[in-house]
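Q: The structure follows.
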């Protein structure tokens, strides 16, 4: 994957940028996320704005990547190749949706919240990691290429 | 809509999107957190380093914001311990089974025009909205 040191440093910096974005947008706060998902309550559209901003920031990168032959730091593009809509995708998304709706946490914000969220965040993240490991026992899930997300 | 914070939401989102652009352009990787973490289960240890570095950055980001601006975001958790654990298990399992989460499908997948990701995103949003409705307005606490 190209220069290992370069990938480590760049990943650290990019992860930090991501974490900063989660903080400024307050997506790190599950209450804020649930505020968007609660259509019949005191609706908070902020998450929608975050998604708009994220797409504005991400579309140019992916558009460029399509035209390049290799990433800047070497290696190759690890882009998902699966095209068909299958039951794994739908069931997985639904199961994730329940967990997200129950807690207001998805993987990124939960990890980012480890620094300040207290023991509850550790509980969630611990359970999340176990859940990920359990998915490997599911025969169909085991066939998934992790890089074909 | 008293909690609506459109400007910081938009700006924070831009940074997230920028991070996704940088990760794909520099490292050729999708900034899907469930994939970055979950993928570590199946790859060789040499592939762990960039993943750990990314997660370290995720954790460092909020600390950096607080240290430089004094802004410490609320992390308001209303779920009890059993719910948190159950939710964590579901999020972990579901994101691996479904090959992605809000960043992987919702941001990166949609940004690259993937129909699979658009459908997955619609599904987990719809299910999450229904779950919140049931939990907040049908079930007590």
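Protein chains in written order, with the numbering used here: chain A, 642 to 790; chain B, 333 to 473.
Cβ atoms here follow ideal geometry from the backbone N, Cα and C, with glycine treated the same way.
Being a predicted model, the structure only gives us computed values, none of them experimental.
Taking all protein chains shown into account, do 16 or more other C-beta atoms lie within 10 angstroms of the C-beta of residue 470 of chain B, making it buried, or fewer, making it exposed?
A: Exposed: under 16 other Cβ atoms inside 10 Å.
Q: Would you call the region 447-455 of chain B in contact with the region 758-765 of chain A, where contact means no fewer than 3 C-beta pairs closer than 8 Å?
A: At 8 Å Cβ cutoff, the stretches do not touch.
Q: For the region 406-421 of chain B against the region 730-748 of chain A, do three or more pairs of beta-carbon atoms, one drawn from each stretch, fall closer than 8 Å, so that the two count as touching?
A: These segments touch.
Q: Against residue 399 of chain B, what residues of chain A qualify as contacts under a CB-to-CB distance less than 7 Å, listed in chain order?
A: In chain order: nothing, as chain A lies at least about 11 Å away.
Q: For residue 409 of chain B, which three-state DSSP category applies?
A: In the structure shown, residue 409 of chain B sits in coil (DSSP, three-state: anything other than H, G, I, E or B).
Q: Can you name, in chain order, every residue of its own chain whose Cβ lies under 8 Å from the Cβ of residue 370 of chain B, other than the five neighbours on each side?
A: These residues qualify, in order along the chain: 424, 427, 428.
Q: So, for residue 520 of chain B: in the same chain, excluding its five sequence neighbours on each side, which residues have a beta-carbon less than 6 Å away from its beta-carbon?
A: This structure cannot speak to residue 520 of chain B, because chain B is shown only from 333 to 473.
Q: Can you say whether residue 358 of chain B is buried or exposed, counting buried as having 16 or more other CB atoms within 10 angstroms of its CB?
A: It counts as buried.
Q: Tell me whether residue 739 of chain A is buried or exposed, calling it buried when 16 or more other Cβ atoms sit within 10 Å of its Cβ.
A: When all chains shown are included, residue 739 of chain A counts as buried.
Q: Along the region 377-403 of chain B, where does the CB come closer than 8 Å to a CB of chain A? Name the residues.
A: Flagged, chain order: 378, 379, 381, 382, 383, 385, 386, 387, 388, 389, 390, 391, 392, 393, 394, 395, 396, 397, 398, 403.
Q: Quick check for students: name the residue ranges of the alpha helix (DSSP H) that lie wholly in the region 373-448 of chain B, counting only runs of 4 or more.
A: Qualifying alpha helix (DSSP H) stretches, in chain order: 380-401, 413-429.
Q: At 9 Å on the CB atoms, spell out the chain A contacts of residue 450 of chain B, in chain order.
A: Correct list: empty, because the minimum Cβ distance to chain A is about 10 Å.
Q: Residue 751 of chain A and residue 773 of chain A - do their beta-carbons sit closer together than 9 Å?
A: No.
Q: Are the CB atoms of residue 705 of chain A and residue 353 of chain B within a distance shorter than 9 Å?
A: Cβ atoms of residue 353 of chain B and residue 705 of chain A: closer than 9 Å.
Q: My output table needs one value for residue 708 of chain A: the three-state DSSP class, helix, strand or coil.
A: If DSSP states are grouped into helix, strand and coil, residue 708 of chain A belongs with coil.
Q: What residues in the region 651-671 of chain A have a beta carbon less than 8 Å from any beta carbon of chain B?
A: The residues in question are 651, 652, 653, 654, 655, 656, 657, 658, 659, 660, 661, 662, 663, 664, 665, 666, 667, 668, 669, 670, 671.
Q: In whole angstroms, what is the alpha-carbon distance linking residue 419 of chain B and residue 460 of chain B?
A: Looking at the two C-alpha atoms, the distance is approximately 11 Å.
Q: Can you check the region 709-738 of chain A for any alpha helix (DSSP H) of at least 4 residues that lies completely inside it and give the ranges in chain order?
A: List check, alpha helix (DSSP H) in window: nothing returned.
Q: Would DSSP call residue 760 of chain A helix, strand or coil?
A: Three-state result, residue 760 of chain A: helix.
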